[in-house]
Structures are given as C-alpha cells and as structure tokens.
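Enquirer: Attaching a single structure in structure tokens format; questions to follow.
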Amino acid sequence: NNEKLIKVTFNKANGDKITAEGKKGDSLLDVIINNNLDFDGYGACEGTLTCSTCHVILDPKDYDALPEKPSDEELDMLDLAYNLTDTSRLGCQIILEEKLDGLEVKVPATVNDARQLGKMFQTI
Ligand code: FES
Numbered sequence: 006n007n008e009k010l011i012k013v014t015f016n017k018a019n020g021d022k023i024t025a026e027g028k029k030g031d032s033l034l035d036v037i038i039n040n041n042l043d044f045d046g047y048g049a050c051e052g053t054l055t056c057s058t059c060h061v062i063l064d065p066k067d068y069d070a071l072p073e074k075p076s077d078e079e080l081d082m083l084d085l086a087y088n089l090t091d092t093s094r095l096g097c098q099i100i101l102e103e104k105l106d107g108l109e110v111k112v113p114a115t116v117n118d119a120r121q122l123g124k125m126f127q128t129i
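With our numbering applied, the sequence shown corresponds to residues 6 to 129, in that order.
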C-alpha cells in the first residue's frame, strides 16, 4: 500500500532529536511504540488517559493547528503532568493526519505517572 507516512520529530530535553514516522490515525504514542523509541516511562498507561507520562509540548502554531482540542479528561490528566505549559498535550491523544507531517514536539525531561503521584518522577 502506498499510504503516505507522516514524519514526527521528538526533541528530548537532553538535546536529542529523534525523527520517526507514523501512519494516519496513529497517535504520537503509537509512533513511539511502533518504532521502539527508547523513552523510558513514556506512555505508561498505554493511552488510557490515566497517567500523563505521554506529555509533549508543542509550538503554539502547531497546538492551534491540531484538529482535535483536548477533551476534559485529557485536561484533567495534563494538570498532573510535570512542567505543564499552555501548549501541552498528551501524546496518546494526538492523532496523526497528513497535514501534521513534519510536526516537532518537545518531550519534557521528566515524566510523572499520575497513578503513582508524588512517588515517581522519572528521567527519560
Ligand atoms: Fe497515559 Fe497518555 S499514555 S495518558
């Protein structure tokens, strides 16, 4: 099949830039999992909106361009994310589509697993 792959770049806090590809309909979390990207602790709840470890930070223009606005559930979970910003989203809720090709997101240095609040700040 000739489905177009959509490129995403993850900028890690340590300066690493990791570019990977996903398909339309994949979440950013799917891209990380499907490409075996090594982000320790990322996506701990496997996209069930109960962890906030999949926190990413977008450029304001990309944030505004995303087709889906965050749901209340996502916003509640984001409140628990480490280093929350005005343009933060959860990676498991960002769904790729062709116009997002070339998207770059920042992955914060630390993930917070809301299921273990206060216990686990993990460096990724
Ligand atoms: Fe847990 Fe996204 S992977 S909220």
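Glycine is no exception: its CB is placed at the ideal position from the N, C-alpha and C atoms.
All figures in this text were calculated on a predicted structure; none of them were measured in a lab.
In this structure, does DSSP put Ile62 in helix, strand or coil?
Expert: Ile62 falls in the strand class under three-state DSSP.
Enquirer: Going by CA-CA distance only, name the one from Pro75, Leu63, Leu71 that's closest to Val112.
Expert: With distances taken between Cα atoms, Val112 lies closest to Leu63.
Enquirer: What is the DSSP secondary structure of Gly48, reduced to helix, strand or coil?
Expert: Reduced to three states, the DSSP call for Gly48 is coil.
Enquirer: Could you pull out every residue in the same chain whose Cβ sits closer than 8 Å to the Cβ of Ser93, ignoring the five residues on either side in sequence?
Expert: The answer, listed in chain order, is His60, Val61, Ile62, Leu63, Leu83, Ala86.
Enquirer: So what does DSSP say about Lys124, is it helix, strand or coil?
Expert: Its pLDDT being 49, under 50, Lys124 is placed unreliably in this model, and the coordinates cannot settle the point.
Enquirer: Quick check on the burial criterion: 16 or more other C-beta atoms within 10 angstroms. Buried or exposed for Ala49?
Expert: When all chains shown are included, Ala49 counts as buried.
Enquirer: Any chance the CB of Gly52 is under 7 Å from a heavy atom of the ligand FES?
Expert: Flag set: Cβ of Gly52 near the ligand FES.
Enquirer: The ligand FES and Thr115: does the residue's C-beta get closer than 7 Å to at least one heavy atom of that ligand?
Expert: Because no heavy atom of the ligand FES lies under 7 Å away, the Cβ of Thr115 does not count as near it: no.
Enquirer: Distance check for Ile11 and Asp106, CA to CA, integer angstroms please.
Expert: When rounded, the distance between both Cα atoms is 5 Å.
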